[in-house]
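A.B. asks: For reference, the structure I am asking about is given below.
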Amino acid sequence: MQHGPWIVRGLRAAGTTAALFFAGLSALARDIHPAPPASVIPNPNAVVPGRGSFTFDSATIVRIPAHDPGARSAADYFADLMGRSKRPTPIVSGGAITGQARPAITFHRRAGLGPEAYWLEVTPQGIIVSATGGAGLFYGAVTLWQLLTPAGGSVAVPAQIIRDAPAYPWRGLMLDSARHFQSAAFVRSLIDEMAMHKMNVLHWHLTDDQGWRLEIRKYPRLTAIGAWRTPATFSPREQPPADSYGGFYTQSEVRGIVAYAANRHVRIVPEIDMPGHAQAAIAAYPELGVPAPDRAPLAVSAKWGVHSHLFNLEPATFAFLEDVLDEVMELFPSNCIHIGGDEAVKNEWQESATVQARARALGIKDADALQAHFTREIGRYLTAHGRRLIGWDEILRPGLSKDAIVMSWHGAAGAHAAAARGNDTILSPWPKFYFDNRQSSLATEAPGRLHIVSLEDVYRFEPRDPTLDQTAARHVLGIQANLWTEHMQTDDRVRWMAWPRAAAIAELGWSVPARRNWPDFLRRLVPMLGRYSALDLAFADSVFAVAAQVSPGIDHATVTLSNQASSGEIRYSLDGRDPVSNSTPYAEPLNVPLGTEIRAATFVQSVRVSQVWARRLDDSAFARRDSHDLELCSNGIGLLLEPAKGSASRGAPLAVDIMNPCWIYRGVDLDRPRSVTAAVAPLPFNYEIGADAAKIRVGDARTAEGELEIHVDGCDTAAVAALPLASAAAHGEVTRLPPVSLPRRPGRHDLCVRFARPRLDPLWALDWLEVGE
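Right, dumping it as structure tokens:
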């Protein structure tokens, strides 16, 4: 597998390779042999140790009952996982399961367990995986795979009995394929990754303003037009690109994906957004939208944000949606169909004479009540066809059917209200379960929101609501994390944002509270990362990645190292070579001579579990600070963005508040002559933020393309220098501006760096700022 630029970039900067990093994790085999039960994620809910151990080797066979397709499927998946993990692949043999002369792994049925429960019994004579349902056998196979990996060759598994069942029936992950289209192969791989964590629901976001991804045979323009748009990096001021961007899933592909998921006990819940997030559909069939005679025909949107175009409420539009849902229900056997229902900006409804006439005919006076009517009509249709409506918590309005399921994203409040009302509900709260938020403040993070949601933040969320009584609590079906892909343009970036945070979601949904413990999860995560490595699964190392604070002195620098988890052992080198397991351990801040190159990484059980952080401690390194090193003046809508062309100095996305592109450079000594040099990038202002756009400061430029202003001791002071942006605007990529001198002042001062610009587009971002002599 080719790893995405986020990991290649960091490893290249550290002077190593992705192959070495993942090979190091695979070396866990030497450190966890024999494999302990505690290496399993999610943590089993009951483990009783026994005496002795069972030795698994290349001669071990797997026995299953004859004529049991569920047992065959689970055993085959186990054998396949072992092979893909580069471990001995056992032979699966059907037939009698008693009286075997040699030790074996046996799958068989046991009455009286729950549909997803399993028992796993390890004795010196063999291993027995038993369950009532096929899902239980499958999850027993997953646990067994984890017990036997990542160690290679023969493995002695300690004798034990595991009795296990999930805490919640809904353990989900949402994939947004509307903003950025992923291949069918990637969707299958994500399903497989979920299954090996005992996650059982893929919520598939298939339609939005930026794309319609599902073939509907009765309405071919939904994909012929609605599945394609200009790239999100295209600026209206540029020449349109020759090729559009997008894609869609044929019905044949969807059937294959659904079958693939079912074989791994993952249910796919499709989302067809309505009444909002409908611009792609309206672009394909304009008659579905609210009439606006003076408006140009809509195109599929290339903008990020909340759009204002809704389906209208005419009978023909409901007939269209029912036709679409007929084909959706034919493709997806899930008993739930997600209709979105979120962020429906109702200006068009309120301003349309046609919609208001329809409202009067229905006896409805309020725009929110209109949406409630819309939801009820769609819900009745789904109920008549044996399906349940599910929607985001905006659907929780008077008149909502008790059969509807509410997915709460506005914190946990929506889930509480729904459960208390008697509706089933799922917890999917922003920001902790929104995986478009970055995982750390390090420059190695992938593009996305600047808000930090760490692995620990996710893990420490408690799904239980102690204020609900037992009856209401039973309506909480489980939890779900969301992969919104506005800024995830590659498969590996989706994986970086998902793993290992989704492993924490898996444990929250499966393990009872008494079996959840953050330090213990970190300990079990290390061998799980080894499994990811063996499977060539890209993942984020954010929790173990080394962070450094460097304070320069006259002839030396003070370096303070840490990692997010405060776990593992940081080791460092000063000879230009990568640290290894016996390199010097970091214990306290280091005083290092100027000119030294320091490299550091985190190790657990002698295995490196992070990329290598590296920095040469010289004057140029101290003088230059990139957008990650600087402070944002504000964080109205903070994002990590990539330039449309060119590349940033460290290959990292640029940190910018799109509401106020402004940064603070602290503690500049102005006692002596100083000059400032900056690299800047024009980014397309592709953001649908409604009335908030009027709050952005523009129109204060003194030249046609604007300037980068330097202020001292506050952004409201008069600018002491300005760097014209004309040359950078002409290049359209990361551009180094000519240096400008700063006036001398006694002492140290903070510099405020902000853009004066004539218009919203482009959005200017700072790559780096250097203060020199």
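In terms of this note's numbering, the sequence shown opens at residue 12 and continues consecutively. All C-beta atoms in this analysis are idealised placements derived from N, C-alpha and C, irrespective of residue type, glycine included.
1) State the Cα-Cα distance for the pair Ser-621 and Asn-211, rounded to the nearest angstrom.
2) What does the alpha-carbon distance come out to for the pair Asp-778 and Pro-735?
3) Which ranges does the alpha helix (DSSP H) cover as unbroken runs of at least 4 residues, wholly within the segment 264-317, from first to last along the chain?
4) Classify Asp-547 as buried or exposed, calling it buried when 16 or more other Cβ atoms lie within 10 Å of its own Cβ.
5) Note the first and the last residue of the continuous beta strand (DSSP E) segment covering Ile-173.
6) Can you look up Gly-61 in the DSSP assignment and give me helix, strand or coil?
7) What residue range does the alpha helix (DSSP H) around Asp-404 cover?
8) Please classify Asp-42: does DSSP put it in a helix, a strand, or coil?
9) Roughly how many whole angstroms lie between the Cα atoms of Ala-313 and Pro-169?
10) Counting only the same chain and skipping the five closest in sequence on each side, list residues whose C-beta sits under 8 angstroms from that of Gly-61.
11) Is Tyr-150 closer than 9 angstroms to Ala-162 when the C-beta atoms are compared?
12) For Val-667 versus Leu-748, is the C-beta spacing smaller than 9 angstroms?
13) Using a 10 Å radius around the Cβ and a threshold of 16 neighbouring Cβ atoms, would you call Asn-54 buried or exposed?
14) What are the boundary residues of the beta strand (DSSP E) that includes Phe-766?
15) Here's a check: name, in chain order, each residue in its chain whose Cβ is nearer than 6 angstroms to the Cβ of Asn-156, leaving out the five neighbours to either side.
16) Please identify the residue among Ser-592, Asp-640, Asn-346, Ala-634 whose C-alpha is closest to the C-alpha of Val-618.
17) Mapping the DSSP letters down to three states, classify Pro-563 as helix, strand or coil.
18) Contact between the segment 416-424 and the segment 363-376: three or more CB pairs below 8 angstroms?
19) Spell out a yes or no on whether the segment 519-539 and the segment 478-486 are touching, meaning 3 or more CB-CB pairs, one atom from each, closer than 8 angstroms.
20) Could you say which of Asn-602, Leu-651, Leu-641, Asp-552 lies nearest to Trp-624 if we only look at CA atoms?
21) Identify, in the order they occur along the chain, each residue of the same chain with its Cβ nearer than 6 angstroms to the Cβ of Ile-707, setting aside the five sequence neighbours on each side.
22) Mind checking who Trp-674 pairs with in its DSSP beta bridge?
23) Could one say the Cβ of Ala-666 lies closer than 9 angstroms to chain C's Cβ atoms, at least one of them?
24) Using a 10 Å radius around the Cβ and a threshold of 16 neighbouring Cβ atoms, would you call Lys-209 buried or exposed?
25) Candidates His-216, Tyr-296, Ile-202: which alpha carbon is nearest Ala-3's?
26) Give the single residue among Val-570, Thr-607, Ile-102 whose Cα lies nearest to the Cα of Leu-585.
27) Is the beta carbon of Asn-434 less than 9 angstroms from the beta carbon of Leu-461?
28) Which residue spans inside the segment 419-479 form an unbroken beta strand (DSSP E) run of at least 3?
29) Take Ala-196 as the anchor and find which of Ile-268, Glu-359, Asp-503, Arg-232 has the nearest alpha-carbon.
30) Mapping DSSP to helix, strand and coil, what is Asp-778?
31) In angstroms with no decimal places, state the Cα-to-Cα distance between Ala-776 and Ala-378.
32) Excluding sequence positions up to five away, which residues of its chain have a Cβ less than 8 angstroms from the Cβ of Leu-2?
33) Determine the contact status of Asn-493 and Asp-187, defining contact as a CB-CB distance below 9 angstroms.
34) Could you pull the DSSP bridge partners for Pro-596 from this structure?
35) Look up Glu-784 in the DSSP assignment and say whether it is helix, strand or coil.
36) What number of angstroms, rounded off, separates the C-alpha of Gly-352 from the C-alpha of Arg-534?
C.D. replies: In short:
1) For this step, residue 621 is matched to residue 610 along the sequence shown. For this step, residue 211 is matched to residue 200 along the sequence shown. Between Ser-621 and Asn-211, the alpha-carbon positions lie close to 29 angstroms from each other.
2) Taking the sequence shown and counting its residues from 1, the one referred to as residue 778 is at position 767. Taking the sequence shown and counting its residues from 1, the one referred to as residue 735 is at position 724. Distance between Asp-778 and Pro-735, taken at the CA atoms: about 16 angstroms.
3) 290-295
4) For this step, residue 547 is matched to residue 536 along the sequence shown. Answer is exposed; the Cβ neighbour count stays below 16.
5) The residue you call residue 173 lines up with position 162 of the sequence shown. Start and end: 166-175.
6) Here residue 61 refers to the residue found at position 50 when the sequence shown is read from its first residue. Three-state DSSP puts Gly-61 in a strand.
7) Position 393 of the sequence shown, counting from 1, holds the residue named residue 404. No alpha helix (DSSP H) holds Asp-404; DSSP gives it neither H nor E.
8) Numbered from 1 along the sequence shown, position 31 holds the residue referred to as residue 42. Residue placement at Asp-42 cannot be trusted, given a pLDDT of 36 that sits under 50; the coordinates are not used to answer.
9) Counting from 1 along the sequence shown, the entry for residue 313 is found at position 302. Counting from 1 along the sequence shown, the entry for residue 169 is found at position 158. If you take the alpha carbons of Ala-313 and Pro-169, they lie about 55 angstroms apart.
10) Against the sequence shown, residue 61 aligns to sequence position 50. Closer than 8 angstroms at Cβ, skipping near neighbours: Val-133, Thr-134, Pro-169, Ala-170, Gln-171, Ile-172.
11) As a first step, residue 162 must be located in the sequence shown, where it is residue number 151. As a first step, residue 150 must be located in the sequence shown, where it is residue number 139. No; because the gap between Cβ atoms is not below 9 angstroms, this pair is not in contact.
12) Counting from 1 along the sequence shown, the entry for residue 667 is found at position 656. Counting from 1 along the sequence shown, the entry for residue 748 is found at position 737. No, they are not a contact pair.
13) Taking the sequence shown and counting its residues from 1, one reaches residue 54 at position 43. Per the 10 Å Cβ criterion, buried.
14) Your numbering for residue 766 matches position 755 in the sequence shown. Boundaries of the beta strand (DSSP E) around Phe-766: 759-767.
15) Translated into positions along the sequence shown, residue 156 becomes position 145. The amino acid occupying residue 156 in the given sequence is Trp; Asn does not appear at that position. For Trp-156, where only same-chain residues beyond five positions count, the Cβ hits under 6 angstroms are Phe-89, Leu-92.
16) Along the sequence shown, read from residue 1 onward, the residue named residue 618 stands at position 607. Sorting Ser-592, Asp-640, Asn-346, Ala-634 by C-alpha distance to the C-alpha of Val-618 places Ser-592 at the top.
17) In the sequence shown, the residue the question calls residue 563 occupies position 552. Strand, per DSSP.
18) no
19) Too few Cβ pairs lie closer than 8 angstroms, so no.
20) Along the sequence shown, read from residue 1 onward, the residue named residue 624 stands at position 613. Considering only alpha carbons, the answer is Asp-552.
21) Indexing the sequence shown from 1 puts residue 707 at position 696. Only Met-670 meet the Cβ criterion.
22) Counting from 1 along the sequence shown, the entry for residue 674 is found at position 663. BP columns for Trp-674 point to Leu-643, Val-764.
23) Absent from the structure: chain C. Only one protein chain is present.
24) Numbered from 1 along the sequence shown, position 198 holds the residue referred to as residue 209. Buried, since its Cβ has 16 or more Cβ neighbours within 10 Å.
25) No statement about residue 3 is possible, as the shown extent of the chain runs from 12 to 784 and does not include it.
26) Mapped onto the sequence shown, residue 585 falls at position 574. If we check each option's Cα against that of Leu-585, Thr-607 comes out closest.
27) Here the question's residue 434 lines up with position 423 in the sequence shown. Here the question's residue 461 lines up with position 450 in the sequence shown. No, Cβ-Cβ distance for Asn-434 and Leu-461 is not below 9 angstroms.
28) Listed in chain order, the complete beta strand (DSSP E) runs (minimum 3 residues) inside the segment 419-479 are 436-438, 459-463.
29) On the sequence shown, residue 196 is found 185 positions in, with the first residue counted as 1. Here the closest residue by C-alpha is Ile-268.
30) As a position in the sequence shown, residue 778 is number 767, starting the count at 1. Strand.
31) As a working note, residue 776 is residue 765 in the sequence shown. As a working note, residue 378 is residue 367 in the sequence shown. Roughly 39 angstroms separates the two Cα atoms.
32) Because the chain is modelled from 12 through 784, residue 2 falls outside the range shown and cannot be assessed.
33) Residue numbering aside, residue 493 sits at position 482 when the sequence shown is read from its first letter. Residue numbering aside, residue 187 sits at position 176 when the sequence shown is read from its first letter. Taking 9 angstroms as the Cβ cut-off, Asn-493 and Asp-187 qualify as a contacting pair.
34) Position 585 of the sequence shown, counting from 1, holds the residue named residue 596. Answer is Arg-582, bridged to Pro-596.
35) One-based indexing of the sequence shown puts residue 784 at position 773. Looking at Glu-784 - three-state DSSP - the assignment turns out to be coil, as it is neither helix nor strand.
36) Looking up residue 352 in the sequence shown gives position 341. Looking up residue 534 in the sequence shown gives position 523. So the alpha carbons of these two residues sit roughly 40 angstroms apart.
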